[in-house]
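First up is the structure itself, then whatever we jot down about it.
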Amino acid sequence: MTSLKKPFYSALVFFGTLVVLTVGYAAYNLSTETAGAPMTSMKWNNVINAVNDLDTRVSTLVAGGGNLWSTGATSSINYTAGNVGIGTVSPSKLLHLGTTTGNNAEMDIQSGIKPKWGIYHDETTEQLRFWNGSDRVTFSSGGNVGIGMVDPMARLDIKSTGAGIDDFKLSYNTTDFVALASMSDGYRLRTQGAAVNKLYLESGISGSIILNGSAGNVGIGTTNPGAKLDINAGMMPASTTTAFMKFRFNYADNAAIPAIQFRDMGDTASNAQISFPLSNGGSAANMAFSTYHGGMLTEDMRISNGNVGIGTTSPTAGYKLDVNGGIRMNSTLTQNNGTYDTYIGRGGGITGAWSSTPDTWTITLNQQDFAIGGWKKTAPVSWTGPWLYINSDTGNVGIGTTTVTTGFKLEVAGRIKSSGADDYSSDIRFKKDVQPLTNALEKITSLNGVSFDWRTDEFPSKNFKKTKDIGVIAQNVEKAFPELVTTGDDGYKSVAYTSLVAPLIEAVKELSHKIDELFAKYIDQQKEIDSLSTRLDALEQR
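Numbering (my numbering), first residue to last: 317 to 858.
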């Protein structure tokens, strides 16, 4: 069936085909009969009546106005002043679709038996929608465009409905390509397909920002970022004020501190952060480093006015490093002012100081487990061991040595000089199982006092006396008094010289007793001699 759009007269039979003109609801309709079909009187009468009616209608039309399609008093398709209206009697445009029944105005487009597309105006939301089974594109009354949604909240609001569907894609030739502006305009956003798998934000002036889709890395100034953020600033100008990364904030003292935070993907609290607290009305900037421990985010280190504070939020002025807590090092820290050097960790982890000129040192110690050593910078003489060693676990002290023999609290590698008398604990209340010494004189007389020279060249760390010395031999003493000899951890023996006093006392007592016995015998013998002398005198006088 074909709608008649213009009034005309035409032949009714074309090449043996009969065309029947009938009057419809809104237009004149031409019905095509099968070629060769017999004409009946009814068919001819219908043709004649239709032609007469068409002639009457055409003769009454006014040029430039009127309705071409109508049935009864209600017009469905109207033609007015060159405009066609469907569902409206007063079309204002070349084609005007409308409805007055409260339904949505809709137009469908279909090819063959394929699913049809529809364009309709939603009366409730006042939206224009494109539809093919579900809403595909929506134009809101506020001017927003939605793709894949019916309530766009932005000028262009795109929503995917499944995996593998591109939200926004433009192509250039056969290459996937997205461009927001040309390079000559300043910036361009583009991709280069799945093979490259990168997103470029390019500048026509300098550099690019690259998002590596396969690795999830972002590169600034590099096309192949090797980390989550890879910045290549290239050759920097010779300036102390030029930076390749800046963070700027504007806030008052005691306001919320802006920070760079680090956290795990599933955590709601920061594991660490770098913040930038201001002070003195914003004239002084600080940098604070915090980590999460003890159930909360705690500041661990701060840089303030060029000073570094660890364990404190207010590093003391005048000190480049202010540490609230202990310090442990396994390397070397050296300070030098041209004359004096102070070092920490040199020579096996010890602390020391030296001077390039002769000087007097005063050392104050208030910590445990340390050693003090040193050397003379300008002379070839060196000190092979520390001056003082204290073991905080045992409380043992070594002077000139770090090895304190087991059982001793103090070991000195060298001679000892004292201007006062030495006292030793000897109270009976400290002692038990007290036994007298026996055969002391015999044992003392078995000892040999000797003079000797120390083998200083072979044992330099012992700091032996370099001149002639006298004493006893430990192996000799050990035979008589084994309790006075100690074998060190190194296998060498030492003698408790002061403990020889006790056997010497007993030996003197034994010797004194023998002298008393001899003196008593001498008295008795003297008396006997005197008696014999008297008797001899008497005999001589007879």
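We treat Cβ as the ideally placed atom computed from N, Cα and C, and that holds for glycine.
**Item:** Ile643, DSSP secondary structure in three states
**Value:** Residue numbering aside, residue 643 sits at position 327 when the sequence shown is read from its first letter. Here Ile643 sits in coil by DSSP.
**Exposure label - Val750; buried when at least 16 CB within 10 Å** = As a working note, residue 750 is residue 434 in the sequence shown. Counting Cβ neighbours within 10 Å, Val750 comes out exposed, since fewer than 16 surround it.
**Message:** Between which residues of its own chain and Arg771 is the CB-CB distance below 8 Å, once the five residues before and five after are set aside?
**Reply:** Reading the sequence shown from its first residue, position 455 is the one you call residue 771. Contacts found: Phe780.
**Message:** Just to confirm my understanding: we take Ser620, look at its own chain, exclude 5 residues before and 5 after, and list those with CB closer than 6 Å. What are they?
**Reply:** By one-based count along the sequence shown, residue 620 stands at place 304. The answer, listed in chain order, is Asn602, Pro631.
**Prompt:** How about Gly532 and Asp546: do their beta carbons lie closer than 7 Å?
**Reply:** By 1-based counting over the sequence shown, the position of residue 532 is 216. By 1-based counting over the sequence shown, the position of residue 546 is 230. Not in contact: Gly532 and Asp546 (Cβ atoms no closer than 7 Å).
**Item:** Contact belief for Ala796 with Ser767 at Cβ below 8 Å, rounded distance in angstroms
**Value:** To locate residue 796, count along the sequence shown from 1; it is residue 480. To locate residue 767, count along the sequence shown from 1; it is residue 451. Incorrect: roughly 20 Å between the Cβ atoms, too far for contact.
**Request:** Could you tell me whether the Cβ atoms of Leu800 and Val811 are closer together than 7 Å?
**Result:** On the sequence shown, position 484 is the one that residue 800 refers to. On the sequence shown, position 495 is the one that residue 811 refers to. Their beta carbons are under 7 Å apart, which means Leu800 touches Val811 by this criterion.
**Message:** Less than 8 Å between C-beta atoms, sequence neighbours within five positions excluded: which residues of the same chain meet that for Leu827?
**Reply:** The residue labelled residue 827 in the question sits at position 511 within the sequence shown. Closer than 8 Å at the Cβ level, and outside the excluded window around Leu827, lie Leu757.
**Request:** Could you tell me the distance, in whole angstroms, from the CA atom of Gly730 to the CA atom of Gly716?
**Result:** Reading the sequence shown from its first residue, position 414 is the one you call residue 730. Reading the sequence shown from its first residue, position 400 is the one you call residue 716. Cα to Cα, the separation comes out at about 7 Å.
**Item:** Distance between Ile576 and Ser591 (C-alpha atoms, nearest Å)
**Value:** Here residue 591 is taken as the residue at index 275 of the sequence shown, counted from 1. Here residue 576 is taken as the residue at index 260 of the sequence shown, counted from 1. About 6 Å.
**Asked** If Gly434 and Asp424 are in contact, beta carbons under 8 Å, what's the gap, nearest whole angstrom?
**Response** Here residue 434 is taken as the residue at index 118 of the sequence shown, counted from 1. Here residue 424 is taken as the residue at index 108 of the sequence shown, counted from 1. Confirmed, about 5 Å.
**Buried versus exposed, by CB contacts within 10 Å (16 or more), Thr718** = As a first step, residue 718 must be located in the sequence shown, where it is residue number 402. By the neighbour-count rule (16 or more Cβ atoms within 10 Å), Thr718 is buried.
**Cβ neighbours of Thr628 in the same chain (closer than 7 Å, five flanking residues each side left out)** = Working through the sequence shown from its first residue, we reach residue 628 at position 312. Contacts found: Asp638, Asn640.
**Item:** CB-CB length for Ala604 against Glu615, believed under 8 Å
**Value:** The residue you call residue 604 lines up with position 288 of the sequence shown. The residue you call residue 615 lines up with position 299 of the sequence shown. Yes, Ala604 and Glu615 are in contact; Cβ-Cβ is about 5 Å, under 8 Å.
**Request:** Let me know the beta strand (DSSP E) ranges lying completely inside the stretch 409–470, each 3 residues or longer, listed in chain order.
**Result:** 411–413, 421–425, 433–438, 443–447, 451–455, 461–463
**Request:** Please state if the CB of Glu727 and the CB of Gly714 are separated by a distance shorter than 7 Å.
**Result:** Counted from its first residue, the sequence shown places residue 714 at position 398. Counted from its first residue, the sequence shown places residue 727 at position 411. Cβ atoms of Gly714 and Glu727: closer than 7 Å.
**Prompt:** Would you report the Cα separation of Arg851 and Glu822, rounded to the nearest angstrom?
**Reply:** As a working mapping, residue 851 is identified with position 535 in the sequence shown. As a working mapping, residue 822 is identified with position 506 in the sequence shown. Their Cα atoms are separated by approximately 43 Å.
**Assigned secondary structure, Val720 (DSSP; H/G/I helix, E/B strand, else coil)** = Counting from one through the sequence shown, the residue named residue 720 turns up at place 404. Coil, per DSSP.
**Request:** Can you grab the Cα-Cα spacing for the pair Asp473 / Ser450, in whole Å?
**Result:** Sequence index remark: in the sequence shown, residue 473 carries index 157 (1-based). Sequence index remark: in the sequence shown, residue 450 carries index 134 (1-based). Rounded to whole angstroms, Asp473 to Ser450 spans 17 Å at the Cα level.
**Prompt:** Is Pro407 buried or exposed, if buried means 16 or more other CB atoms sit within 10 Å of its CB?
**Reply:** What you label residue 407 is simply residue 91 of the sequence shown in a count that begins at 1. Per the 10 Å Cβ criterion, buried.
**Message:** Please report the distance separating the alpha-carbon of Ile706 from that of Tyr608.
**Reply:** By one-based count along the sequence shown, residue 706 stands at place 390. By one-based count along the sequence shown, residue 608 stands at place 292. Whole-angstrom Cα-Cα distance: 37 Å.
**Prompt:** Gly458 to Val466, Cα distance in whole Å?
**Reply:** To locate residue 458, count along the sequence shown from 1; it is residue 142. To locate residue 466, count along the sequence shown from 1; it is residue 150. Answer to the nearest angstrom: the Cα atoms are 13 Å apart.
**Prompt:** Which class does Thr338 belong to by DSSP, given the choice of helix, strand or coil?
**Reply:** Numbered from its first residue, the sequence shown carries residue 338 at position 22. With a pLDDT of 40 at Thr338, under the threshold of 50, the modelled position of that residue is not reliable, and the figure given next carries that caveat. In the structure shown, Thr338 sits in a strand (DSSP, three-state: E or B).
**Own chain residues within Cβ distance below 8 Å of Lys636, not counting five before or after** = What you label residue 636 is simply residue 320 of the sequence shown in a count that begins at 1. For Lys636, where only same-chain residues beyond five positions count, the Cβ hits under 8 Å are Gly622, Asn623, Val624.
**Request:** Compute the minimum distance between the beta carbon of Glu422 and the heavy atoms of the ligand ATP, and state whether it is under 6 Å.
**Result:** This structure does not include the ligand ATP; it has no bound ligands of any sort.
**Request:** Express the C-alpha separation of Thr722 and Gly807 in angstroms, rounding to a whole number.
**Result:** Taking the first residue of the sequence shown as position 1, residue 807 is located at position 491. Taking the first residue of the sequence shown as position 1, residue 722 is located at position 406. Answer to the nearest angstrom: the Cα atoms are 12 Å apart.
**Prompt:** Just how far apart, CA to CA, sit Ser734 and Asp832?
**Reply:** For the purposes of this step, residue 734 is taken as the residue at position 418 of the sequence shown. For the purposes of this step, residue 832 is taken as the residue at position 516 of the sequence shown. Ser734 and Asp832: Cα-Cα distance of roughly 38 Å.
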